[in-house]
Amino acid sequence: MTRETSARVPAVRLTHVSKSFPGVAAVDDVSLDIDPGEVHVFAGENGAGKSTLMKLVAQVEEPTSGTIELHGTPMTYRGPGHAREFGVAMVHQEFALAPDLTVAENLFIGGEPGRGGWISRARERRDARELLSRVGADLDPGRRVAQLSTAEQQRVELAKALAVDARVLILDEPTATLTRQQADELFAIIRQLTASGIAVLYISHRLDEIFEIGDRVTVMRDGAVVATRPASELDEDALVALMVGRNVDNLYPREHTSPGPVRLQVRNLTRRDVVHDVSFDVRGGEILGMAGLVGAGRTEVARMVFGAEPPDSGSVTLDGRTVRIRRPSDAIDAGIGYLTESRKTDGLALQLGVDKNITMAKLPMWNGLINLREERSVAGRHRDRLGIRVPWVGRPVQALSGGNQQKVVLARWLETQAEVLLFDEPGRGMDVGAKADMFREMDRLAGDGKAVVFISSYLPELLNMCDRILVMRGGRVAGELAKEEFSEERVIALATGAKDNHD
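Each residue of the sequence shown is one higher than the one before, counting from 1 in full-length UniProt numbering.
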């Protein structure tokens with residue numbers, strides 16, 4: 001992409017902007033111009049200050065000091081509604097939609113078209129169709145939002161931004177739950193919006209899309225701007241070094257070794273209308289990847305192996321012994337650990353401390369009582385091993401970043417000494433440094449002879465970390481690829497049923 005330079009007024013101008021919370025400077029003296037019609041990417045580790053800075057622009061938060069100008073007008077803090085009046089719209093990772101209302105009702109909440117206090121539903125639907133068409137969404141305006149997929153809800157959020165005539169659009173990790181095809185469609189929409197002069201402020205942890213969609217990149221660390229560069233002047237290594245303040249020698253540290261005997265054997269796993277006759281083996285020392293589109297059945301397979309969902313039929317064998325898994329406690333007793341894709345709802349007790357979350361699957365006991373001293377010692381040991389950033393292990397997990405929360409879940413299964421680890425989208429929402437730590441631990445587990453299953457929607461992770469990749473489509477195994485057969489084209493062809501040009 002190219003960026004025009006001119007003397008036009010910046011869409012957003014930040015001058016010495018800071019935001020402090022008790023004990024921490026979340027944003028530290030940021031000065032920056034963002035031009036109309038550009039995609040300005042904000043990169044950095046979790047906790048670097050990116051999301052807080054976006055909230056300052058959208059007036060979700062009030063700056064401690066400094067000035068923010070929108071289209072040349074200095075802003076006085078009056079809340080998000082005031083920012084919307086100046087054309088600022090923000091699409092959060094967690095969508096702000098009313099699930100029980102229709103698409104059209106969500107688009108025009110508080111600004112319904114009509115006359116004399118009466119709402120014109122016909123005009124509302126007509127205007128909704130026009131907005132939806134601008135974001136490439138062929139949706140029925142009368143459909144309830146709860147019935148929409150994640151990608152469809154995102155389109156509604158984008159259309160909602162256009163409904164307030166947004167000239168500054170803030171997108172926070174917009175591709176986190178999208179497939180590659182859906183991400184490409186989103187990028188096409190973003191290019192159309194910037195071509196019309198809309199400035200897009202874009203937060204992302206995915207390095208490839210930063211270079212694909214970004215015009216300029218601002219890297220933040222510890223609340224401050226480290227650098228602002230044209231995307232064309234950076235490469236992945238340089239960007240990562242700026243983000244973490246050090247060189248990450250190898251984001252994907254997998255050292256491929258000769259796998260041992262089969263440790264996990266799944267046969268004919270079936271659940272009506274969800275998963276059909278799924279069979280696979282995982283050897284000790286091996287990382288088996290599971291690829292597929294959203295809804296292909298990968299997560300359902302993992303949940304069945306772990307006992308979180310009951311299969312109608314099928315068997316699970318561990319180290320040659322068939323085990324009956326009816327509930328997660330059976331899987332834990334058998335030596336299976338599961339890092340769920342929904343760590344906040346399924347994997348963590350957010351109000352409890354790091355120590356409680358790490359030990360809840362294997363409580364340290366003494367004379368029938370929980371040994372609190374041992375609990376703290378166990379948590380401290382895993383904190384040091386995994387690099388969990390927390391000053392004291394009693395701190396509630398909800399106060400941690402996404403990457404550190406994921407490490408807490410991993411520590412729990414390390415403490416149970418699980419022999420089979422199921423990783424379901426472990427890198428989602430994690431910054432580059434935290435991902436490198438997670439992948440390094442996966443490699444270490446495989447090196448210790450564990451059997452590792454790795455589910456990811458991000459193909460570079462699978463292609464670089466796995467020994468084999470199982471591809472699912474429509475609840476069935478569509479194919480399996482050995483390391484020497486790996487390519488994005490082959491995986492996508494199997495996942496979609498398209499013709500593979502390599503055949």
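Glycine included, every Cβ here is placed at the ideal spot set by N, Cα and C. Quantities reported herein were computed from a predicted structural model and do not represent experimental measurements.
Give the straight-line distance between the Cα atoms of Gly245 and Pro36, rounded to the nearest whole angstrom.
30 Å
Within 10 angstroms of the Cβ of Ile388, are there 16 or more other Cβ atoms? Answer buried if so, exposed if not.
buried
Please give the ranges of any beta strand (DSSP E) in the segment 365-447, keeping only runs that are unbroken, at least 3 residues long and fully inside the region.
420-424
Restricting to Cα atoms, I'd like to know which of Gly214, Leu339 and Thr64 is closest to Ser456.
Leu339
Using only the alpha-carbon positions, how far apart do Thr443 and Leu410 sit?
The sequence as given places Asp at residue 443; Thr does not occur at that position. Each residue's alpha carbon lies about 13 Å from the other.
Give me the Cβ distance between Val278 and Leu269, rounded to the nearest whole Å; I'm assuming they're in contact under 8 Å.
4 Å
Can you give, in chain order, each stretch of the alpha helix (DSSP H) that sits fully within the segment 91-161 and has at least 4 residues?
103-107 and 121-134
On the DSSP letters alone, give me the boundaries of the alpha helix (DSSP H) that Phe211 sits inside.
Leu207 to Ile213
Boundaries (first-last residue) of the beta strand (DSSP E) holding Lys19:
Val12 to Phe21
Tell me whether Arg126 is buried or exposed, calling it buried when 16 or more other Cβ atoms sit within 10 Å of its Cβ.
exposed
Limits of the unbroken alpha helix (DSSP H) element including Phe306
Arg298 to Phe306
Please identify the residue among Pro80, Ala495, Met220 and Val103 whose C-alpha is closest to the C-alpha of Gln59.
Pro80
Going by CA-CA distance only, name the one from Phe423, Ile170, Ala434 and Leu421 that's closest to Asn404.
Ala434
State the Cα-Cα distance for the pair Arg324 and Val91, rounded to the nearest angstrom.
44 Å
Please name the residue in Trp392, Ala224, Tyr202 and Gly447 whose C-alpha comes closest to that of Gly285.
Gly447
Mind listing, in chain order, the continuous beta strand (DSSP E) runs of no fewer than 3 residues lying wholly within the segment 221-275?
224-230 and 262-271
C-alpha distance - Phe108 paired with Ala199, whole-angstrom precision
22 Å
Bridge partners - Leu201, DSSP secondary structure assignment:
His40 and Ile170
Under 6 Å Cβ to Cβ from Lys407, same chain only, skipping five residues before and after it: list those, please.
Leu386 and Ile388
Within the same chain, show all residues whose beta-carbon is closer than 7 Å to that of Glu185, passing over the 5 residues directly before and after it, in chain order.
Gly136
Leaving out the 5 sequence neighbours to the left and right, which residues in its chain are closer than 7 Å to Glu62 when beta-carbon positions are compared?
Tyr77
If we call anything under 7 Å between Cβ atoms a contact, is Gly288 one with Arg468?
Looking at the sequence provided, one finds Leu at residue 288 rather than Gly. Cβ atoms of Leu288 and Arg468: closer than 7 Å.
Along the chain, where does the beta strand (DSSP E) that runs through Glu69 open and close?
Ser65 to Leu70
Once DSSP output is grouped into helix, strand and coil, what is the label at Ser196?
coil
Are there 16 or more other CB atoms within 10 angstroms of the CB of Phe423, so buried, or fewer, so exposed?
buried
In angstroms with no decimal places, state the Cα-to-Cα distance between residue 538 and Gly380.
Any property of residue 538 remains undetermined from this structure, which presents the chain solely from 1 to 503.
Between the alpha carbons of Val164 and Thr194, how many angstroms are there, rounded?
16 Å
Which residue marks the beginning of the alpha helix (DSSP H) containing Asp165, and which one marks its end?
Segment: none, Asp165 is in no alpha helix (DSSP H) and carries neither H nor E.
Provide the residue span of the alpha helix (DSSP H) that contains Ser31, from first to last.
Counting along the chain, Ser31 falls outside any alpha helix (DSSP H), though it belongs to the beta strand (DSSP E) covering Val24 to Ile34.
Beta-carbon contacts of Pro328 that lie in its chain and below 7 Å, excluding the five residues immediately before and after
Phe306, Gly307 and Ala308
Taking DSSP as the reference, what is the three-state secondary structure of Ser51?
helix
Determine the contact status of Val39 and Ile213, defining contact as a CB-CB distance below 7 Å.
yes
Thr218 by DSSP, collapsed to three states: which one?
strand
With distances taken from CA atoms, which of Ala146, Thr257, Leu70 and Trp392 is nearest Ile34?
Leu70
Hey, quick one: how far does the alpha helix (DSSP H) through Ser487 stretch, first residue to last?
Note, Ser487: premise wrong, no alpha helix (DSSP H); not H, not E.
Among Val420, Ser401 and Lys450, which one has its Cα closest to the Cα of Arg428?
Ser401
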